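**Q** Note that the working numbering has the sequence shown beginning at 3, numbered continuously upward. What follows is a single structure, and I will ask about it in a moment.
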Amino acid sequence: MAKTADKNIYANVFLRQLNALLTVMYQANQPHDSLFGQMRTYFQQEQHAWQELKSLQQRWQDAKAQQDPALSQHRRRYTELSYQLEQQRIKRLEQSVYCCELLLQLSEGESKAETLTRSARLLGSLQLLVPHQPKRALEVQFSYKLLYKMVLALRLLDHRLERDLMPSSWQLCWQQRQSDPTASTLCPFRNQIQLPLLQAILVQEFGQLHPAAQKLLLNAERRLDPLTELDGDARYQFLLQSHQGSLQLVQQGLGVWPYQGSDKTERQQHEHQQQKQQQWIKQLLEATQVPGQGSGNLLKVPQVYASIVMPGRKRFRYEALPKAALLLKQGVQQQLYSADWVDQLLRITGLFPQGYGLAFIPARASEQSRDKYEFAIVNALYPAEPQVPHCRIVTRNLQYKNTGKDYAVPTAQNLYFRPARKQLEVVPPERLREILTKLFADAEQRFLRQLLPRCWQPSDFFSLPAHQNLWNKG
Numbered sequence: 003m004a005k006t007a008d009k010n011i012y013a014n015v016f017l018r019q020l021n022a023l024l025t026v027m028y029q030a031n032q033p034h035d036s037l038f039g040q041m042r043t044y045f046q047q048e049q050h051a052w053q054e055l056k057s058l059q060q061r062w063q064d065a066k067a068q069q070d071p072a073l074s075q076h077r078r079r080y081t082e083l084s085y086q087l088e089q090q091r092i093k094r095l096e097q098s099v100y101c102c103e104l105l106l107q108l109s110e111g112e113s114k115a116e117t118l119t120r121s122a123r124l125l126g127s128l129q130l131l132v133p134h135q136p137k138r139a140l141e142v143q144f145s146y147k148l149l150y151k152m153v154l155a156l157r158l159l160d161h162r163l164e165r166d167l168m169p170s171s172w173q174l175c176w177q178q179r180q181s182d183p184t185a186s187t188l189c190p191f192r193n194q195i196q197l198p199l200l201q202a203i204l205v206q207e208f209g210q211l212h213p214a215a216q217k218l219l220l221n222a223e224r225r226l227d228p229l230t231e232l233d234g235d236a237r238y239q240f241l242l243q244s245h246q247g248s249l250q251l252v253q254q255g256l257g258v259w260p261y262q263g264s265d266k267t268e269r270q271q272h273e274h275q276q277q278k279q280q281q282w283i284k285q286l287l288e289a290t291q292v293p294g295q296g297s298g299n300l301l302k303v304p305q306v307y308a309s310i311v312m313p314g315r316k317r318f319r320y321e322a323l324p325k326a327a328l329l330l331k332q333g334v335q336q337q338l339y340s341a342d343w344v345d346q347l348l349r350i351t352g353l354f355p356q357g358y359g360l361a362f363i364p365a366r367a368s369e370q371s372r373d374k375y376e377f378a379i380v381n382a383l384y385p386a387e388p389q390v391p392h393c394r395i396v397t398r399n400l401q402y403k404n405t406g407k408d409y410a411v412p413t414a415q416n417l418y419f420r421p422a423r424k425q426l427e428v429v430p431p432e433r434l435r436e437i438l439t440k441l442f443a444d445a446e447q448r449f450l451r452q453l454l455p456r457c458w459q460p461s462d463f464f465s466l467p468a469h470q471n472l473w474n475k476g
């Protein structure tokens, strides 16, 4: 199945909105206009800019002390640069908040069911649209993967709030939201919990652009292969420098909203609220450095899951994505993250990521010979059982369809699992090759590699507008 040009992929309103958000996050052709470009520019120029500002301030003070005729000139230069840096900071803050607000618009609904559907659609679309070319690794990391992590964190937060597992102040804001789910811009839960959480995730990721962290990435081995992963002391130092970069962004690179007005009481209230929110973000980031049951897991666990199921790692294999659960549990055994938090995330996601392509043996009313398989795509969160994903069937009688039904694929029918594959081992190779020819454009190569696929990659299927309604009522 040939893939359409990228500009034709975003055929519906939801995907156009998602594409707009991805573009705000990262633009390869106009990097300075994106949030990534602004963050990178900040770290590249920050030290020089503040040194220059300090130098101009010193010249101004010296001129003032010496009653230098050039006093006004020195003051003007200092004021102009100070104003320029402040405007750049506000622009970064505006764009970061704008990205978070766009994400909330795409992921949140007016009911729990609508929120879960919208979140599944967002996660699945990111998986189905994400580029796999190594040269686009930065784009994947700072847009697709970052948004994926943010959505997971929102859903993990909701899951724990529903079970009264978060601090009382969080629970109170959430309960107020539950009493009026249509509340938007003035909602305390949105403004005091959701948006700061998303900003914490943003700065956690963009902290990696700190010069000291980037220096560790630009060693000789990684220049030859950007996907080479750090290990040992280099990885520890990278994480440490990235964390410092994140804290610097919170304190200086983004900072707080300036007060606009003349009322002294309002100013004090505004500054207090902004400082409180800034401190909350810093506490979240600091909590990621502490093993155990703390709120840092709200950032750590989704980050690890997103890093496994989205491309960007040298060891990335699409077929192995369901092993994310196993890798997370290994991290629990190594005391890297909390078992409770991991179990709760996997309760939401199940074993199979959203947008994952399954090959399965269709159910039969009678016990006929099972001599074929069909395709489906995972399209819902909270499967009844982790190993039984809720999917949209997208083929019937080996033909692609855009009006399939939803189906929870049992392990006995899911070719990812050995028992299901074993059922088709009795099918003659000629018949299996016929199926490959009908379902795959590169059937000859697939036949040489693997006669019976454990899964399939539905990106080409999803690139056709008629095939993008995977989350409507099937």
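Just so you know, even glycine gets a beta-carbon here, dropped at the ideal spot from N, CA and C. Remember, predicted model here, so these are calculated numbers, not experimental data.
Cβ atoms of A410 and P421: under 8 angstroms apart, would you say?
**A** Walking along the sequence shown from the start, residue 421 turns up at place 419. Walking along the sequence shown from the start, residue 410 turns up at place 408. Taking 8 angstroms as the Cβ cut-off, P421 and A410 do not qualify as a contacting pair.
**Q** Using alpha carbons as the reference points, say which of W343, G126, T290, L167 lies closest to L17.
**A** Along the sequence shown, one-based indexing puts residue 17 at 15. When C-alpha distances from L17 are compared across W343, G126, T290, L167, the shortest belongs to G126.
**Q** Please state whether the Cβ-Cβ distance between L158 and L347 is less than 8 angstroms.
**A** For the purposes of this step, residue 158 is taken as the residue at position 156 of the sequence shown. For the purposes of this step, residue 347 is taken as the residue at position 345 of the sequence shown. Yes.
**Q** Is S244 near the ligand SAH - that is, is its Cβ less than 7 angstroms away from at least one heavy atom of it?
**A** Absence of the ligand SAH is noted for the structure shown, with no ligands found whatsoever.
**Q** Can you check which of these residues, T25, N31, R162, R78, is closest to Q97 by C-alpha distance?
**A** Taking the first residue of the sequence shown as position 1, residue 97 is located at position 95. Taking only the C-alpha atoms, the option nearest Q97 is T25.
**Q** Just confirm the distance between the C-beta atoms of Y339 and V311, as a whole number of angstroms; I'd bet it's less than 8 angstroms.
**A** The sequence position of residue 339 within the sequence shown is 337, counting from 1. The sequence position of residue 311 within the sequence shown is 309, counting from 1. Separation of the CB atoms of Y339 and V311 is rounded to 16 angstroms, and the pair is thereby denied contact status at 8 angstroms.
**Q** Is it buried or exposed for V15, if we count other Cβ within 10 angstroms and need 16 for buried?
**A** Looking up residue 15 in the sequence shown gives position 13. Exposed: under 16 other Cβ atoms inside 10 Å.
**Q** Would you mind reading off the limits of the beta strand (DSSP E) that contains L360?
**A** What you label residue 360 is simply residue 358 of the sequence shown in a count that begins at 1. Where L360 is concerned, the enclosing beta strand (DSSP E) stretches over 359 to 362.
**Q** Near G296, which residues of its chain fall below 6 angstroms by C-beta distance, leaving aside the five closest residues on each side in sequence?
**A** Your numbering for residue 296 matches position 294 in the sequence shown. Result list for G296: A289, in chain order.
**Q** Count the C-beta pairs between the segment 242 to 262 and the segment 196 to 211 that are closer than 8 angstroms, then say yes if the count reaches three, no if not.
**A** yes
**Q** Considering only C-alpha positions, which residue in the set E164, L37, P213, L118 is nearest to F144?
**A** Against the sequence shown, residue 144 aligns to sequence position 142. The residue with the shortest Cα to Cα distance from F144 is L37.
**Q** Hey, could you find the ends of the alpha helix (DSSP H) E432 is sitting in?
**A** As a position in the sequence shown, residue 432 is number 430, starting the count at 1. E432 -> alpha helix (DSSP H) spans 431 to 441.
**Q** Flag this pair as touching only if the segment 429 to 440 and the segment 360 to 367 have three or more C-beta atom pairs under 8 angstroms; answer yes or no.
**A** Under the 8 angstroms Cβ criterion, the segment 429 to 440 does not count as touching the segment 360 to 367, having fewer than three qualifying pairs.
**Q** What's the call for Q452, buried or exposed, on a 16-neighbour Cβ count within 10 Å?
**A** Against the sequence shown, residue 452 aligns to sequence position 450. Answer is exposed; the Cβ neighbour count stays below 16.
**Q** Figure out for me which residue from Y238, Q243, I203, L188 has the closest Cα to the Cα of A215.
**A** As a working mapping, residue 215 is identified with position 213 in the sequence shown. Closest option to A215, Cα to Cα, is Q243.
**Q** Going by beta-carbon coordinates alone, are Q177 and Q279 separated by less than 8 angstroms?
**A** In the sequence shown, residue 177 corresponds to position 175, counting from 1. In the sequence shown, residue 279 corresponds to position 277, counting from 1. In this structure, Q279 does not lie closer than 8 angstroms to Q177 by Cβ.
**Q** Got a sec, what are the start and stop residues for the alpha helix (DSSP H) I283 sits in?
**A** Stepping through the sequence shown from its first residue, residue 283 is reached at position 281. From DSSP, the alpha helix (DSSP H) with I283 extends over 266 to 289.
**Q** Please report the distance separating the alpha-carbon of F45 from that of Y28.
**A** Position 43 of the sequence shown holds residue 45. Position 26 of the sequence shown holds residue 28. Spanning the two alpha carbons is a distance of roughly 16 angstroms.
**Q** Under 8 angstroms, with one C-beta from each stretch per pair, do the segment 354 to 361 and the segment 304 to 324 reach the 3-pair mark?
**A** yes
**Q** Measuring straight from C-alpha to C-alpha, what distance separates D35 and S84?
**A** As a working mapping, residue 35 is identified with position 33 in the sequence shown. As a working mapping, residue 84 is identified with position 82 in the sequence shown. Computed Cα separation, rounded: 21 angstroms.
**Q** With which residues is Y402 paired in a DSSP beta bridge?
**A** Position 400 of the sequence shown, counted from the start, is the residue given in the question as residue 402. DSSP, once it has assigned bridges, lists T397 as partnering Y402.
**Q** Spatial neighbours of I395 within its chain, please: C-beta separation below 6 angstroms, excluding the five flanking residues on both sides.
**A** As a first step, residue 395 must be located in the sequence shown, where it is residue number 393. Hits under 6 angstroms: A378, G406, K407, Y409.
**Q** In chain order, what residues of the same chain have a beta carbon less than 6 angstroms from the beta carbon of L226, not counting five sequence neighbours either side?
**A** Position 224 of the sequence shown, counting from 1, holds the residue named residue 226. Low local confidence applies: a pLDDT of 47 at L226 is under 50, so the model's placement there is unreliable, with the coordinate-based value given in what follows. No residues qualify anywhere along the chain.
**Q** Are K374 and L353 closer than 8 angstroms when you measure CB to CB?
**A** Position 372 of the sequence shown holds residue 374. Position 351 of the sequence shown holds residue 353. No, the Cβ-Cβ distance between K374 and L353 is not below 8 angstroms.
**Q** Assuming L130 and P460 form a contact by the criterion Cβ under 8 angstroms, report the distance between their Cβ atoms to the nearest whole angstrom.
**A** Counting from 1 along the sequence shown, the entry for residue 130 is found at position 128. Counting from 1 along the sequence shown, the entry for residue 460 is found at position 458. That belief holds up - the Cβ atoms of L130 and P460 are roughly 6 angstroms apart, short of 8 angstroms.
**Q** Buried or exposed for Q196, going by 16 or more other Cβ atoms inside 10 Å?
**A** Position 194 of the sequence shown holds residue 196. Flag for Q196 reads buried.
**Q** Which value, in whole angstroms, describes the spacing of the CA atoms of P324 and R120?
**A** The residue you call residue 324 lines up with position 322 of the sequence shown. The residue you call residue 120 lines up with position 118 of the sequence shown. Straight-line Cα distance between these residues: approximately 22 angstroms.
**Q** Going by CA-CA distance only, name the one from Q291, L128, Q89, P467 that's closest to L108.
**A** In the sequence shown, the residue the question calls residue 108 occupies position 106. Selected option, being the one with the closest Cα: L128.
**Q** Got a sec, what are the start and stop residues for the beta strand (DSSP E) I195 sits in?
**A** Walking along the sequence shown from the start, residue 195 turns up at place 193. Premise fails: I195 is in no beta strand (DSSP E) and is neither H nor E.
**Q** Just how far apart, CA to CA, sit Q90 and W52?
**A** Along the sequence shown, read from residue 1 onward, the residue named residue 90 stands at position 88. Along the sequence shown, read from residue 1 onward, the residue named residue 52 stands at position 50. C-alpha separation (whole angstroms): 13 angstroms.
**Q** Just verifying my parser: in three-state terms, what is the DSSP assignment at N221?
**A** What you label residue 221 is simply residue 219 of the sequence shown in a count that begins at 1. Three-state result, N221: coil.
**Q** How should S465 be labelled, buried or exposed, when 16 other C-beta atoms within 10 angstroms of its C-beta is the threshold for buried?
**A** Counting from one through the sequence shown, the residue named residue 465 turns up at place 463. With 16 or more other Cβ atoms within 10 Å, it is buried.
**Q** Taking just the CA atoms, how far does T43 sit from R317?
**A** Translated into positions along the sequence shown, residue 317 becomes position 315. Translated into positions along the sequence shown, residue 43 becomes position 41. Rounded to whole angstroms, R317 to T43 spans 30 angstroms at the Cα level.
**Q** Starting from the Cα of L20, find the closest Cα among Q63, L104, L204 and give me that residue.
**A** Counting from 1 along the sequence shown, the entry for residue 20 is found at position 18. That would be L104, whose Cα lies nearest to the Cα of L20.
**Q** Which residues bound the beta strand (DSSP E) around E376?
**A** Counted from its first residue, the sequence shown places residue 376 at position 374. Bounds of the beta strand (DSSP E) holding E376 are 376 to 380.
**Q** Among the candidates I437, G333, A327, whose CA atom is the shortest distance from the CA of T351?
**A** What you label residue 351 is simply residue 349 of the sequence shown in a count that begins at 1. Closest option to T351, Cα to Cα, is A327.
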